[in-house]
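Visitor: Submitted below is the structure of interest, expressed as structure tokens.
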Amino acid sequence: MRFFLPLLFIAIAVAAGAGPHDGRYRPDHPSGDSWDCKSIGKDGGAILLTSNLFFAVGSRCTLRDPVAVSGMDAVLYDAICRADGAPWHRRIMIMKTENGISVIQKGGRISMLRKCE
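Using mature numbering (1 follows the signal peptide of the UniProt record, and there is no 0), the letters of the sequence shown map in sequence onto residues -18 to -1, 1 to 99.
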């Protein structure tokens, strides 16, 4: 019983910090079928999205200052990203779609991602 209570508090804290689009994703086109939904951040592996992290192949972004987009089931973030070199900043919007999410970046780049099952 002594171990149950701390585990309950941990579970509640994790659930409270969950973001609206949390999960593992892969490209939503035929080539995405071969992606491994278990490996994170590796070539051909899943893309991980949490309430404050977007972890893709070769890059990792910290998501800050979320703003809900009214009527669109979307959230706009300030992202601080890092790959091999210096960090860079960008604005991204993550929007729920029928099969997963779309990630829309400044300049009109759109990535359609399907939720891993």
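Don't be surprised by glycine CBs; every beta carbon is placed ideally from N, CA and C.
Remember, predicted model here, so these are calculated numbers, not experimental data.
Just tell me which of R73, M77 and F36 has its CA closest to the CA of G89.
Guide: Per the C-alpha coordinates, the member of R73, M77 and F36 positioned closest to G89 is R73.
Visitor: Take V51 and list the residues in its own chain whose beta-carbon comes closer than 8 Å to its own, dropping the five residues that flank it on each side.
Guide: V57, L58, M75 and M77
Visitor: Among the residues of its own chain, which have a CB less than 8 Å from the CB of K97, if the five just before and after it don't count?
Guide: G5, R6, Y7, N81, G82 and I83
Visitor: In angstroms with no decimal places, state the Cα-to-Cα distance between S21 and D47.
Guide: 28 Å
Visitor: With 16 as the cutoff for other CB atoms within 10 Å, does H3 come out buried or exposed?
Guide: So H3 ends up on the buried side.
Visitor: Using only CA atoms, which one of M54, G40, A61 and P9 lies nearest to T32?
Guide: Taking T32 as reference, the option from M54, G40, A61 and P9 with the minimal CA-CA separation is A61.
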